[in-house]
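J.:
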Amino acid sequence: MSLDPHSSDASQAGPVFFDRQELGLVLRVYGRMVAAGEWRDYAMIGHKEVAEFAVFRRSGDAPLYRIEKRPALRLKQGQWAVIGEGGHVLKRGRDLAQVLRVFDSRKFTVVE
């Protein structure tokens, strides 16, 4: 067993979570949507295989969108995904900034 913190065994220990840079990108989009009056609350959770940032229209509602980080998929279809309310993957990829462009005002409108 290797004690190297960069080994694959060490990366699987503990929950997956967002690093500071990733969280900064996500919070920038969140702030923009809050300012537009679309989102009102969020929740973050780290699981063994996935980190989630869920956004809500109201705190008692089901999440409108979930931004997921799944490191196990980074070499396949990409570790980042934006998932809509119905569980549909709206965008997936290897670059978080590119995936978050699904929320750009020119390409995205909230439908009630």
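Per full-length UniProt numbering, the sequence shown starts with residue 1, numbered consecutively. Ideal Cβ positions, reconstructed from N, Cα and C, are used throughout, including at glycine.
Is residue 32 helix, strand or coil by DSSP?
T.: Mapped onto the sequence shown, residue 32 falls at position 32. DSSP places residue 32 in helix when its eight states are reduced to three.
J.: Would a C-beta distance cut-off of 8 Å place residue 50 and residue 16 closer than the cut-off?
T.: The count along the sequence shown starts at 1 and reaches residue 50 at position 50. The count along the sequence shown starts at 1 and reaches residue 16 at position 16. Yes.
J.: Measure the Cβ-Cβ separation of residue 96 and residue 25 and say whether it is below 8 Å.
T.: As a first step, residue 96 is located in the sequence shown; it is residue number 96 there, counting from the start. As a first step, residue 25 is located in the sequence shown; it is residue number 25 there, counting from the start. Contact: yes.
J.: Among the candidates 86, 41 and 52, whose CA atom is the shortest distance from the CA of residue 71?
T.: If you number the sequence shown from 1, residue 71 lands on position 71. For residue 71, the nearest C-alpha among the options comes from 52.
J.: How long is the line joining the alpha carbons of residue 34 and residue 42, rounded to whole angstroms?
T.: Residue numbering aside, residue 34 sits at position 34 when the sequence shown is read from its first letter. Residue numbering aside, residue 42 sits at position 42 when the sequence shown is read from its first letter. Taking the straight line joining both Cα atoms gives about 10 Å.
J.: Taking buried to mean at least 16 other C-beta atoms within 10 Å of its own C-beta, is residue 67 buried or exposed?
T.: Sequence index remark: in the sequence shown, residue 67 carries index 67 (1-based). Burial call: buried.
J.: Below 6 Å CB to CB, which residues in the same chain sit around residue 78 once its five sequence neighbours on both sides are set aside?
T.: Reading the sequence shown from its first residue, position 78 is the one you call residue 78. For residue 78, where only same-chain residues beyond five positions count, the Cβ hits under 6 Å are 92, 93 and 94.
J.: Just tell me which of 19, 102 and 64 has its CA closest to the CA of residue 86.
T.: As a working note, residue 86 is residue 86 in the sequence shown. Checked all of 19, 102 and 64; the closest Cα to residue 86 is 64.
J.: Let's test the definition: count the other Cβ atoms within 10 Å of the Cβ of residue 100 and tell me whether it reaches 16, buried, or not, exposed.
T.: Counted from its first residue, the sequence shown places residue 100 at position 100. Under this definition residue 100 is a buried residue.
J.: For residue 8, I'd like the list of residues in its chain whose CB is within less than 7 Å of its CB, leaving aside the five on either flank, ordered along the chain.
T.: Within the sequence shown, the letter at position 8 stands for residue 8. For residue 8, the predicted structure reports a pLDDT of 47, less than 50, and the residue's modelled location is therefore unreliable. A value from the coordinates is still provided. If we look at residue 8 and ignore the five residues flanking it on each side, it has no Cβ neighbours.
J.: Among the residues of its own chain, which have a CB less than 7 Å from the CB of residue 84, if the five just before and after it don't count?
T.: The sequence position of residue 84 within the sequence shown is 84, counting from 1. Cβ neighbours of residue 84 beyond the five flanking positions: 65 and 90.
J.: Go ahead and label residue 48 buried or exposed: buried means 16 or more other beta carbons lie within 10 angstroms of its beta carbon, across all protein chains shown.
T.: Indexing the sequence shown from 1 puts residue 48 at position 48. With fewer than 16 Cβ atoms within 10 Å of its Cβ, residue 48 is classed as exposed.
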